[in-house]
Amino acid sequence: MTAEPTELAAEQRYVSSLYERLDAERDLADRRLTEALRSTGGPPQAAAEREAATATYSDRLAQLKSVEQGLCFGRLDFSEGHDGDSPIYVGRVGLFDTEDDYRPLLVDWRAPAARPFYLATAASPEGVRRRRHLRTLSRRVVGLDDEVLDLAAGEHTDHLGLAGEAALLSALERRRTGEMSDIVATIQAEQDAIIRAEPSGVLVVQGGPGTGKTAVALHRAAYLLYTYRRQLTSRGVLVVGPNSTFLRYIGQVLPSLGETGVLLATVGELFPGLSATGLDTPEAAEIKGRIGMADVLANAVRDRQLVPDDRLEVPVEGGEVLVLDRATCERARAKARDTLRPHNVARRVFTERLLDVLADQSVSRLESRVLDDLPDIPLAADEVDGGPMLDARDHATVRQELAEDPAVREALQSLWPKLTAQELLSDLFTSKERLESATAGVLGGDEWRSLLRAPGAWWTPGDVPLLDELAELLGEDDTEARARRERQRREERAYAEGVLHVLEQDEEILDEEVVRVRDVLDAELLAERQEASSGLTAAQRAALDRSWTFGHVIVDEAQELSAMDWRLLMRRCPSRSMTLVGDVSQTGSAAGTSAWGDVLRPYVDDRWRLRELTVNYRTPSEIMELAAAVLADIDPELSAPVSVRDAGVSPWQRRVLPGTDATDATAAALAAELPSLVTEELATLTRERGGGTLAVLCPASLEGRVSAELAGMREAAGLDEAGENPRVSVLTVDRAKGLEFDAVVLVAPHEIVAASSRGSNDLYVGLTRATQRLGIVHTAPPPPALSGAQKPSSAGG
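Structure (structure tokens):
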């Protein structure tokens, strides 16, 4: 139902008043931030307050700036007799009338009062008479769509139980820009229930292509931070995506929802200071993902805890040679291992034991030399046999000198080295001997050879969970660091004592009844307030700290994670407050999962919840019908999600290479025909939609050649990535996971299927990336499931 022009004008006036309030809020936050930044000097307490104010107003200003577009998108009118006669306007952030007892002008979409906007239906209106969707462009209201939910008041619509069907379909038909848009104005009831679910425990959201899993996950992050801010602000929320392309795609969603403090990362980015840009072979990636790698790494650590074959001679300063025999070293190693501490922490036990042995040897030899040098001095019997000539202090001095001796330090390092995760893993993967030893009894046959690589190779995303595991196994001996911190703390306390002394001198002129500084502030508290603040958000601090634990973790495309990935993420979230989003029918990684229980049982047993999304908002029914045939090949028990709309055009297919699929001939045929097919698709997008995005999805073996051919075509056509013309991306299916495009040209589906044991899953993913048009270019006989695609005379037909 469309509103009258007079109502459009009325809504424009109200929306304009909201933007006036938004501008006033921005100005206020900006002024207070400026005042805080200009404030300098003063006591430590003032400095702490200034830093807190700066952080508060910086966050508030960022939030207010991020909600400019689509500030208000909805209105609820209630039936007579419902609490509150005034309509409620729903938007991205809450705004209040400060001159009218903070009356709400705009209700944050996450607030309980806004929930009927997403849940109310004609069958269950929840007191709502009418739900209005406001469509805006910048600050201008360009359209209104009304739903009458009170059956006595007029007509209503109920297609698939959709809330705001007109607004939803309008959003779905909108051309893509290369960045994901939020769905805050069109959240459906099944999505809302997941977004607002309790944060405790593990929630698994299973949904097929186009069901809005990613959008739901991101809106859930925004909702949790709004509703449980006190619990989550200090620990932060981590959102894990499958690749950097995906993270760039979703990067603006949370800021548009008013949240800027969430850490977005891939698993490969969760080891601070490491750039994991290398690529593993499929075999290596699968092996690295196995849970057995935890045993391999534990073996690799134990292999570095050595004892000499017979004895180790240690030449020290002064020409003396001390000896460490095998039995002594074995006892020291056993004592260190019995502590069950990480390698670098247990190392102190090992070295302390051996330093004691070496010191005993050195003291004993020193006493012997003293006796040998004094042959003519008569000694009483008790002086010869009654005990050592050197006392405990002398023994400690000798021991300290040995601990600092380079030869001793080198000997101890050779037996039980102090290691970093990077050093150990690099040594392991570049040494046949170390790999064979560590993988014995864990990997089969010659599987270890898949892990072998040349020195200096780039770290890969598959290495990051292994490095994290090693960091846990190795630990960090922070004895010296703690000593430094304690010295610094003592110095800061002494400085604070001096500050208080000066303040107390000033108080001598004050009346006895006046509260004195010592009454409210002691040196310890003042020293704490004096500590420099980093000024970083929880998300920023977390990105720098490998051991950080998050208040909540959200994982998209969770079916792709390996067993070792899960070990890393569970360490990041010991509370097990997690939202896992994925679709086991789209698993492409050989190390991924086909059953949620398999990956969760080791950590939470059966204490996890499953929610399913069943409606496909992205993929038109014509494309989904074809994809459903591929899904049936994957597992006949799986059901495709129901599409809410038709595109009016069926998928097309073209055979460019009859009779052969040889690689060279395939590349030549694609070079001859693919650019023209893509050009036709681009022309159709421009003609029908005024632009948009197009992806060419192809096997990894053809990506380079296809990219080169299409790069020349884009330059010749004058396509501008930053302009309004259609934008073209060339991707493999795994890098397109989670993304969507107006049109897709899928190349060589038979190669995609043959490339891995989960090739049909990859094909299913590739078929379901398009929101409007799909074309398929065959270079060999098509897989049987794709026989339903049409065969027009041209790509645009």
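Under this note's numbering, think of the first position of the sequence shown as 314, with each following residue one higher.
Using N, Cα and C, we set each Cβ at its ideal position, and we do this for glycine too.
Taking 7 angstroms as the threshold (C-beta atoms), are residue j and residue i in contact?
i	j	result
Leu-1007	Val-955	no
Ala-784	Leu-576	no
Leu-587	Trp-772	yes
Gly-788	Pro-964	no
Leu-418	Asp-410	yes
Ala-640	Ser-763	no
Asp-919	Leu-998	no
Pro-512	Leu-538	no
Pro-988	Ala-960	no
Pro-1012	Met-877	no
Gly-571	Ser-379	yes
Val-1057	Leu-1087	yes
Val-403	Gly-387	yes
Ala-607	Glu-782	yes
Ala-530	Ile-496	no
Glu-338	Leu-377	yes
Ala-984	Glu-1022	yes
Ala-649	Val-636	no
Val-517	Trp-921	yes
Met-493	Ile-600	no
Ala-1183	Leu-560	The requested residue 1183 is not part of the displayed model; the chain covers only 314 to 1110.
Glu-938	Gly-905	no
Leu-1059	Leu-1010	yes
Once you ignore the five residues that flank residue i on each side, which residues in its own chain have a CB closer than 8 angstroms to its CB?
i	result
Pro-1062	Leu-1076, Gly-1079, Ile-1089, His-1091, Pro-1095, Pro-1096 and Leu-1099
Met-883	Arg-889 and Tyr-916
Asp-505	Arg-428, Tyr-431 and Leu-432
Val-828	Confidence at Val-828 is low in this model, with a pLDDT of 47, below 50, so its placement is unreliable and the value that follows should be read with caution. Correct list: empty, nothing qualifies.
Ser-329	Arg-452
Ala-941	Ala-953
Glu-643	Val-620
Just list the residues that DSSP pairs residue i with in beta bridges.
i	result
Ala-1111	An answer regarding residue 1111 cannot be provided, because it is not within the stretch 314 to 1110 covered by the chain.
Leu-446	It is worth fixing the name first, because residue 446 is His in this sequence and not Leu. His-446 pairs with Gly-387 and Asp-458.
Val-260	There is simply no residue 260 to check, as the chain begins at 314 and stops at 1110 in what is shown.
Asp-304	Outside the displayed span of the chain (314 to 1110) sits residue 304, for which this structure offers no information.
Ser-1042	Ala-1008
Arg-453	Leu-450
Asp-638	Arg-624
Leu-668	For Leu-668, which the question treats as bridged, DSSP gives no partner whatsoever.
Ile-496	Paired residues: none, contrary to the question.
His-865	Val-550
His-1091	Arg-968
Can you list, in chain order, the residues of its chain whose CB lies under 7 angstroms from that of residue i, leaving out five sequence neighbours each side?
i	result
Leu-346	Thr-367, Tyr-370, Ser-371 and Leu-374
Pro-730	Arg-617
Leu-592	Thr-773
Leu-1157	No statement about residue 1157 is possible, as the shown extent of the chain runs from 314 to 1110 and does not include it.
Leu-321	Val-454 and Leu-457
Trp-761	Leu-748, Glu-749 and Thr-752
Pro-887	Thr-862
Ser-907	Val-897 and Thr-900
Arg-968	His-1091
Arg-766	Phe-742 and Thr-743
Ile-1065	Pro-1012, Val-1046, Gly-1072, Asp-1075, Leu-1076 and Gly-1079
Excluding the 5 residues preceding and the 5 following residue i in the sequence, name in chain order all residues of the same chain whose CB lies nearer than 6 angstroms to its CB.
i	result
Ala-855	Gly-549, Leu-576 and Trp-861
Asp-1033	For Asp-1033, the predicted model reports a pLDDT of 49, less than 50, meaning its position is unreliable; a value from the coordinates is still stated below. Result list for Asp-1033: empty, nothing under 6 angstroms.
Gly-467	Residue placement at Gly-467 cannot be trusted, given a pLDDT of 48 that sits under 50; what the coordinates show is reported in the next sentence. Taken in chain order, the residues that qualify are Val-461.
Arg-533	Ile-508 and Thr-892
Glu-935	Ala-960 and Ser-963
Gln-325	Val-454
Leu-671	Leu-635 and Leu-715
Assess, as a yes-or-no matter, whether the stretch 516 to 527 is touched by the stretch 893 to 908 under the definition of 3 or more beta carbon pairs within less than 8 angstroms.
yes
Quick test of the definition: if touching needs 3 or more C-beta pairs under 8 angstroms, does the stretch 862 to 872 touch the stretch 544 to 552?
yes
Which runs of the alpha helix (DSSP H) spanning at least 4 residues fall entirely within the stretch 357 to 422, listed in chain order?
357 to 379
Do the stretch 908 to 928 and the stretch 1041 to 1051 touch if we need at least three Cβ pairs shorter than 8 angstroms?
no
Give the list of continuous alpha helix (DSSP H) stretches no shorter than 4 residues that lie fully inside the stretch 906 to 991.
909 to 917 and 934 to 947
Take every Cβ of the stretch 621 to 635, pair it with every Cβ of the stretch 712 to 723, and state whether three or more of those distances are shorter than 8 angstroms.
yes
Which residue spans inside the stretch 695 to 747 form an unbroken beta strand (DSSP E) run of at least 3?
none
Entirely within the stretch 554 to 597 and at least 4 residues each: give me those alpha helix (DSSP H) ranges in chain order.
557 to 563 and 566 to 569
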